[in-house]
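Engineer:
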Amino acid sequence: MKKNNLNIIKIDKNKSLFNYEKKILIKELILDLKLGYYDFEKEKTQKVKFSLEIDYEDRKPTNDKDIKSIVNYGQVVKLITKLAKKKHYNFLETLAEDVFDVLFKDKRIGKIMLQIEKLEIIKECASVGIQITKKRSHEKF
């Protein structure tokens, strides 16, 4: 008869056994913005829809009494609203890059999928827009 070998795992209480992969979802944030390259787009506002998926990692569970222990979706909405209304953007891509720059200041965020759509610009379409995914590089240059 074979004898069973049991492996005993020592747990160091100072090291985390888990990494949390978290995702913030923001769907259909609609803002009235002056946005676009053409003169008629610079004259009046149009409805622009933002949708985001923000992936971030944490080594500990959320502290229910500390809002800084999460990436706060309410704060993300405020940042995007303030940024988008701060200046006129000719292109959705340049607006997207500024959104990335602001959100990636939070070092926990590793990846952002951002979709921005103009809802009223081409009458034959429900929307036109872009989707860009940007992720933090872990390589050192």
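If you read the sequence shown in full-length UniProt numbering, its first letter stands for residue 1, the second for the next number, and so on.
Think of the CB as a built atom: it goes at the ideal place given N, C-alpha and C, for glycine as much as any other residue.
Could you check the C-alpha separation between residue 91 and residue 17 for me, to the nearest Å?
Structural biologist: Going by the C-alpha atoms only, they are around 44 Å apart.
Engineer: Among the candidates 117, 72, 47, whose CA atom is the shortest distance from the CA of residue 55?
Structural biologist: 72
Engineer: Quick check for students: name the residue ranges of the beta strand (DSSP E) that lie wholly in the UniProt domain "Dihydroneopterin aldolase/epimerase" (24-134), counting only runs of 3 or more.
Structural biologist: 46-58, 109-118
Engineer: Let me know if residue 8 comes out buried or exposed under the rule of 16 or more other beta-carbons within 10 Å of its beta-carbon.
Structural biologist: Legend: pLDDT at residue 8 = 48, less than 50; position of this residue unreliable, no value from coordinates given.
Engineer: For a quick check, are the C-beta atoms of residue 117 and residue 49 less than 8 Å apart?
Structural biologist: Yes, these two residues count as a Cβ contact at 8 Å.
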